[in-house]
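Count the sequence shown with my numbering and you get residues 1222 to 1392, in order.
We put the beta carbon where it would ideally sit given N, CA and C, even for glycine.
The structure presented is a predicted model; accordingly, all values stated were derived computationally and were not measured.
This report refers to the structure that appears directly beneath it.
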Amino acid sequence: ARELANRGYYVVRMGAVVKEAMNIVHPMIIDYAMNGMRSDFMDIYLGAKCAFCITNGAGVDAVPCIFRRPIVWVDQVPLGAIFTFRSKFLATTKRHWLRGESRYMTFCEIFETGAGYFPYSSHYDDLGIDLIESTSEEVVAVVLEMEERLKGTWQAQEGDEELQRQFWEIF
């Protein structure tokens, strides 16, 4: 939020049910979820007019999707449920840690075991898989990638295109 605000964006944290207020003071960051002004109308309006949405897939992201706004999904699971039908969608997935082997699963293994489509956390537990959330640095990286893609300034790093090709082949 701070990085986007420093780049000139108003950042609005949304949500009908949140545990606590954001611990940040910045004139361009609005904790709409906690400021007592939340309404269904404003939820729709903000989703329809945003430059882009950053979400964990909690549901309100359907609004910017309907209005064809760019979306960044952070820690999307299951991996097979990532929306792929628009070019202005980016997503990260939680890393899949195999407890019994003390290692991360490959994308191939995620799909081969069925974990790419598990709807419930108990399914991951049954296979001994822990889902590991992205670090704050990884979240910042994907959000800034979206911002730069929208501005037309994003440039792929060496090897990015090959990694993308491999991912889509597996997906």
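{"Query": "Taking the alpha helix (DSSP H) that W1375 falls in, what are its first and last residues?", "Result": "Run containing W1375: none; DSSP gives neither H nor E here."}
{"Query": "How far does the alpha helix (DSSP H) with V1284 in it extend, from its first residue to its last?", "Result": "1283 to 1287"}
{"Query": "Check whether the Cβ atoms of Y1230 and M1255 sit closer than 8 Å, and answer yes or no.", "Result": "no"}
{"Query": "Quick check: what's the CA-CA separation for G1373 versus E1354?", "Result": "29 Å"}
{"Query": "Is the stretch 1366 to 1383 touching the stretch 1321 to 1332 in the sense that three or more CB pairs, one from each, lie closer than 8 Å?", "Result": "no"}
{"Query": "Within its chain, find whatever has a CB closer than 7 Å to the CB of D1296; leave out the 5 residues flanking it on each side and keep chain order.", "Result": "N1277, T1313, T1314, K1315, E1354, S1355"}
{"Query": "Could you give the C-beta distance for R1234 and Y1253, rounded to a whole number, given that I count them as a contact under 8 Å?", "Result": "6 Å"}
{"Query": "In this structure, what does DSSP give as the bridge partners for A1312?", "Result": "W1294"}
{"Query": "Grab the span of the beta strand (DSSP E) containing C1274 for me, first residue to last.", "Result": "1274 to 1276"}
{"Query": "For L1352, does the three-state DSSP call read helix, strand or coil?", "Result": "strand"}
{"Query": "Spatial neighbours of L1267 within its chain, please: C-beta separation below 7 Å, excluding the five flanking residues on both sides.", "Result": "V1233, M1235"}
{"Query": "Can you list, in chain order, the residues of its chain whose CB lies under 8 Å from that of F1339, leaving out five sequence neighbours each side?", "Result": "V1298, P1299, Y1345"}
{"Query": "Thinking L1348 and T1334 are a contact (beta carbons under 8 Å), I'd like their distance in whole angstroms, please.", "Result": "6 Å"}
{"Query": "Suppose the cutoff is 7 Å on Cβ atoms and the five residues either side in sequence are ignored; what does the same chain contact list for V1284 look like?", "Result": "D1264, I1265, G1268, A1269"}
{"Query": "Going by DSSP in three states, R1259 sits in which element: helix, strand or coil?", "Result": "coil"}
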